[in-house]
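Asker: Taken in order, these protein sequences are the chains called C, S, B and L. Residue 128 in the UniProt record's numbering sits at position 128 of the first sequence; the count goes up by one each step and never skips. Residue 120 in the UniProt record's numbering sits at position 120 of the second sequence; the count goes up by one each step and never skips. Residue 87 in the UniProt record's numbering sits at position 87 of the third sequence; the count goes up by one each step and never skips. Residue 194 in the UniProt record's numbering sits at position 194 of the fourth sequence; the count goes up by one each step and never skips. The beta-carbon is built from N, C-alpha and C at its ideal position, and this holds for glycine as well. Structure below; questions to follow.
There are 4 protein chains.
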Amino acid sequence: MKPTIHASVKDEKLIALRRSQLINGAMSLFKQKGFHRTTTREIAKEAGFSIGTLYEYIRTKEDILYLVCDSIYGEVRTRLESVITSSDGSLQNVIVAMSNYFKVMNDLQDEVLFMYQEVHSLSKESRKYVLQKELDMVRMFEVLLSQCVKNNVASLTETEVKFLSNTIFVQGQMWAFRRWVIQKLFTMEEYITMQATWLTEFIQSKGTGVNK
Amino acid sequence: MKPTIHASVKDEKLIALRRSQLINGAMSLFKQKGFHRTTTREIAKEAGFSIGTLYEYIRTKEDILYLVCDSIYGEVRTRLESVITSSDGSLQNVIVAMSNYFKVMNDLQDEVLFMYQEVHSLSKESRKYVLQKELDMVRMFEVLLSQCVKNNVASLTETEVKFLSNTIFVQGQMWAFRRWVIQKLFTMEEYITMQATWLTEFIQSKGTGVNK
Amino acid sequence: MKPTIHASVKDEKLIALRRSQLINGAMSLFKQKGFHRTTTREIAKEAGFSIGTLYEYIRTKEDILYLVCDSIYGEVRTRLESVITSSDGSLQNVIVAMSNYFKVMNDLQDEVLFMYQEVHSLSKESRKYVLQKELDMVRMFEVLLSQCVKNNVASLTETEVKFLSNTIFVQGQMWAFRRWVIQKLFTMEEYITMQATWLTEFIQSKGTGVNK
Amino acid sequence: MKPTIHASVKDEKLIALRRSQLINGAMSLFKQKGFHRTTTREIAKEAGFSIGTLYEYIRTKEDILYLVCDSIYGEVRTRLESVITSSDGSLQNVIVAMSNYFKVMNDLQDEVLFMYQEVHSLSKESRKYVLQKELDMVRMFEVLLSQCVKNNVASLTETEVKFLSNTIFVQGQMWAFRRWVIQKLFTMEEYITMQATWLTEFIQSKGTGVNK
DNA sequence: CATGAATGAGCTTTCATTCAT
DNA sequence: AATGAATGAAAGCTCATTCAT
Chain C
1 MKPTIHASVK DEKLIALRRS QLINGAMSLF KQKGFHRTTT REIAKEAGFS
51 IGTLYEYIRT KEDILYLVCD SIYGEVRTRL ESVITSSDGS LQNVIVAMSN
101 YFKVMNDLQD EVLFMYQEVH SLSKESRKYV LQKELDMVRM FEVLLSQCVK
151 NNVASLTETE VKFLSNTIFV QGQMWAFRRW VIQKLFTMEE YITMQATWLT
201 EFIQSKGTGV NK
Chain S
1 MKPTIHASVK DEKLIALRRS QLINGAMSLF KQKGFHRTTT REIAKEAGFS
51 IGTLYEYIRT KEDILYLVCD SIYGEVRTRL ESVITSSDGS LQNVIVAMSN
101 YFKVMNDLQD EVLFMYQEVH SLSKESRKYV LQKELDMVRM FEVLLSQCVK
151 NNVASLTETE VKFLSNTIFV QGQMWAFRRW VIQKLFTMEE YITMQATWLT
201 EFIQSKGTGV NK
Chain B
1 MKPTIHASVK DEKLIALRRS QLINGAMSLF KQKGFHRTTT REIAKEAGFS
51 IGTLYEYIRT KEDILYLVCD SIYGEVRTRL ESVITSSDGS LQNVIVAMSN
101 YFKVMNDLQD EVLFMYQEVH SLSKESRKYV LQKELDMVRM FEVLLSQCVK
151 NNVASLTETE VKFLSNTIFV QGQMWAFRRW VIQKLFTMEE YITMQATWLT
201 EFIQSKGTGV NK
Chain L
1 MKPTIHASVK DEKLIALRRS QLINGAMSLF KQKGFHRTTT REIAKEAGFS
51 IGTLYEYIRT KEDILYLVCD SIYGEVRTRL ESVITSSDGS LQNVIVAMSN
101 YFKVMNDLQD EVLFMYQEVH SLSKESRKYV LQKELDMVRM FEVLLSQCVK
151 NNVASLTETE VKFLSNTIFV QGQMWAFRRW VIQKLFTMEE YITMQATWLT
201 EFIQSKGTGV NK
């Protein structure tokens, strides 16, 4: 399932170390210049080792892109999971999750932006794997919303649940994608408030399970 | 203001013709392989002329990207303007504009997607110019909504107007960005209906100017 | 003998006119940027006609170089001949010729410099023809000096005559070649006076035919 | 002061080796076809390595020209210095230096010719540096002549010393520049003898310090 | 006779990747 | 396991020359 990047080196711990150096170096350069404008030589230098060593831990330049993208999603997930531990099936719970998600998107703006621009440079297989992680995140909101429905806090069809999850996800991305527009119009707090209001009103307009 | 692309050829009509061939050829390739993976030679061939001729109409490869991006936004605007000529300040008016916008996004999915991925390869100046066009589109919805407010059809604060415009814009993009998911959930008609319902309810929940 | 440049156009007068425009335009550009850095397009533009027209009067870019080089030597000769019409076999006569030659070198510094740098880009045949003209000029001084010998004004061996002719020629070129240095040391007049003094003393030291 | 050519390779000894191969290969081609007609690929091949390797040791084609020009002047200097070690302030001394200089010019005809034709293709900075070396050589003769003046062997003004130095220098160059003319007229020995005679007579005509 | 759009061979330069040390 | 010199395919771009109008 998860694409494995071949390394010539055997020592697993060393691989982990070198790859983390590699990812940090590459990410830093990618944010500045994009994937195509960054050379493997530059990446090796930034990571702190030689071009020869670099190729002991990867097979192609694309591998680096995959490693970086994977790492970004890992980071996003880690941050979100540390926040969304328990779900009590309340609307408030969804809103808290959403605002945490927005905050993560704010922290990782450059990374998110970069990934969106460069995923299409991945091989089909890697791209599929990486995009699956995106789906996982949307699913997270789906679960939260479904619990609201179960709890009779919201009366939504499955389709509506999926729509809302996707909307939340996209609105989070947009904070990064369209930052030069959107971040001039609203502060993070305002944005969160507005999105929360919108979400609440959308759900309320559908009624609650109790009233049905 | 608008970046001008230098051509060695003088005949303006010929320039227009060749550039349109160029844009079509390039767009077709860009959608398949992205900007960086497409060579100038391939573009020339696809456009139907030689590499020498190509460079009679542009100066650098980046010029082609700019031409293509500009053309995409031009296409979007043309399609929208042909519909939103008169604004009577009714809610219906906003909804018609929005659904037309969604349809355009549907028709130009690949183009919109491509542009978001590659704008960052433009020079600062060109990028600024192209992104300004995005703002113009959001502004369009702002104007329509403001007229509803003026007409006492809706009672919205300025921030709310901006929020709604942005949301409409993003929901349109979502149709293209998350097509794999969204387009499995809804047909275009269903999507439009849902968005219209939501918009109407949001505005009604704020009351009309009359009741205030 | 003299390489002929093919023209598609028949009208001889027109050829002469266009070629003179061509030479002027090209010379002006060559002095600034050299032969290789100047494009045929630029030459056509500077000459005042289209690239198509340019190629009605020449066959290759090298033809232009030949035309220009030929023109330079023609100019030098014309200027010199207008002065050295009659030779009375006096030493004074040689000195007048020499100082006129120096003045011509002064006027045509850029052209002479250019020619020395670019003759090697001519075809073997053209190069030979152009360099022959250099020989002609040296020969001119030889003739003048030989007449002094005949007139018993100077007593020089044939080798000495050749040596003096060459030296005069080189001293003239030096004024152009090493202008940054030489022209700071002397004014044209001072240079002429010095060279005249030297020449006179050299010849006098050899004695006159009469005394032998 | 001295322009430095960037190399991607670190090993200084290797740089020196490869550059000397490069200079030899390039010089050989430049003498045949000139700088502009020689391609970087040809140079790499002639030097015995790949085009990629070539660019590990230089940044641009112009760098090669600079390296070659610098090398030529280095060669000239080395050869001269090995001969003109001690100066005793005699006229004979100047003449020996001069004839050695002529011999060097004879040995390095192609190189000297090439350099004179192509220096103008160097960047301003490099050109300045290279031409400075020319000045240094002229200065060498100035020093020798000045010592004659000091020794009362010759009575020359400073201007005359400079003029003579430049003349010697130019006459040396002319042996290379105008070889097809001059080398048909005179052998190297004859040329040297004549130049020596001329120099001696010029100086004697000015008198010696003693007689003044 | 004049025009200028079209052509494509050929140029310089880059950079992912390999492999001997 | 680490190094970095070597490689060459391939890219973007230029420009002398042609030829239909």
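Near A196/L, what residues of its chain come up, given a Cβ to Cβ distance below 6 angstroms and the 5 sequence neighbours on each side ignored?
Answerer: I95
Asker: Measuring CB to CB, does E160/S end up less than 8 angstroms from K206/S?
Answerer: yes
Asker: For D63/S, which residues from the same chain have a beta carbon less than 7 angstroms from its beta carbon, with the 5 sequence-adjacent residues on both sides left out?
Answerer: I5
Asker: Quick check: what's the CA-CA separation for S71/C versus W180/S?
Answerer: 24 angstroms
Asker: Would you give the residue range spanned by the alpha helix (DSSP H) that G172/S belongs to?
Answerer: 158 to 177
Asker: At a Cβ threshold of 8 angstroms, is Q171/C touching chain S?
Answerer: yes
Asker: Tell me whether M140/B sits in a helix, a strand or coil according to DSSP, three-state version.
Answerer: helix
Asker: Does the beta-carbon of V83/C have 16 or more other beta-carbons within 10 angstroms, so that it is buried, or is it exposed?
Answerer: exposed
Asker: Can you give me the C-alpha to C-alpha distance between K212/B and V149/B, rounded to a whole angstrom?
Answerer: Since pLDDT at K212/B reaches only 40, below the 50 mark, its modelled position is unreliable, and no value is offered.
Asker: Could you check whether the Cβ of T159/L sits closer than 8 angstroms to any Cβ belonging to chain B?
Answerer: yes
Asker: Name the chain B residues whose beta carbon is nearer than 9 angstroms to that of E201/L?
Answerer: W198, E201, F202, S205
Asker: Alpha carbon to alpha carbon, how far is A47/L from N24/L? Give it in angstroms, no decimals.
Answerer: Spanning the two alpha carbons is a distance of roughly 7 angstroms.
Asker: Return the CA-CA distance between E201/C and I43/S, expressed in angstroms with no decimal places.
Answerer: 49 angstroms
Asker: Relative to the C-alpha of L145/B, which candidate in M137/B, L156/B, K13/B has its C-alpha closest?
Answerer: L156/B
Asker: Check the C-beta distance from L91/L over to V153/L and give it rounded, since I have them as a contact under 8 angstroms.
Answerer: Right, their Cβ atoms sit about 5 angstroms apart.
Asker: Whole angstroms are fine: how far does the CA of S50/S sit from the CA of Y57/S?
Answerer: 11 angstroms
Asker: DSSP three-state call for N211/B: helix, strand or coil?
Answerer: At N211/B the pLDDT is 45, less than 50, meaning the model places this residue with poor confidence and gives no usable figure here.
Asker: Answer with yes or no whether the minimum CB distance from M1/S to chain C is below 8 angstroms.
Answerer: no
Asker: Do you know offhand how far E75/B's Cα is from Q117/B's?
Answerer: 18 angstroms
Asker: Does Y55/B come within less than 8 angstroms of chain L when only Cβ atoms are used?
Answerer: no
Asker: Would you kindly report the start and end of the unbroken alpha helix (DSSP H) that includes G25/L?
Answerer: 12 to 33
Asker: Could you tell me the distance, in whole angstroms, from the CA atom of I15/S to the CA atom of C69/S?
Answerer: 17 angstroms
Asker: In chain L, which residues lie with their C-beta within 8 angstroms of the C-beta of Y66/B?
Answerer: Under the 8 angstroms cutoff, chain L gives no residues; its nearest Cβ is about 16 angstroms from Y66/B.
Asker: Between the stretch 129 to 159 of chain S and chain C, which residues of the former have CB atoms less than 9 angstroms from a CB of the latter, in chain order?
Answerer: L131, E134, L135, V138, T159
Asker: Could you say which of G89/L, R79/L, S87/L, H120/L lies nearest to Y101/L if we only look at CA atoms?
Answerer: Closest option to Y101/L, Cα to Cα, is R79/L.
Asker: Which residues mark the beginning and the end of the alpha helix (DSSP H) in which I64/L is found?
Answerer: 61 to 81
Asker: I think D110/S touches K31/S, with their Cβ atoms under 8 angstroms apart; what is that distance to the nearest whole Å?
Answerer: 5 angstroms
Asker: Per DSSP, what kind of secondary structure is L113/B in: helix, strand or coil?
Answerer: helix
Asker: If L122/C and L65/C are in contact, beta carbons under 8 angstroms, what's the gap, nearest whole angstrom?
Answerer: 6 angstroms
Asker: Starting from the beta carbon of L185/B, find every residue of chain L whose beta carbon is closer than 7 angstroms, and list them in chain order.
Answerer: By Cβ distance, chain L contributes T159, K162, F163.
Asker: Alpha carbon to alpha carbon, how far is I168/L from F114/L? Give it in angstroms, no decimals.
Answerer: Taking the straight line from one Cα to the other gives about 20 angstroms.
Asker: Where does the unbroken alpha helix (DSSP H) through G52/C begin, and where does it stop?
Answerer: 51 to 57
Asker: Which value, in whole angstroms, describes the spacing of the CA atoms of R37/S and W198/C?
Answerer: 41 angstroms
Asker: Quick one: Cα of A176/L to Cα of V112/L, how far?
Answerer: 7 angstroms
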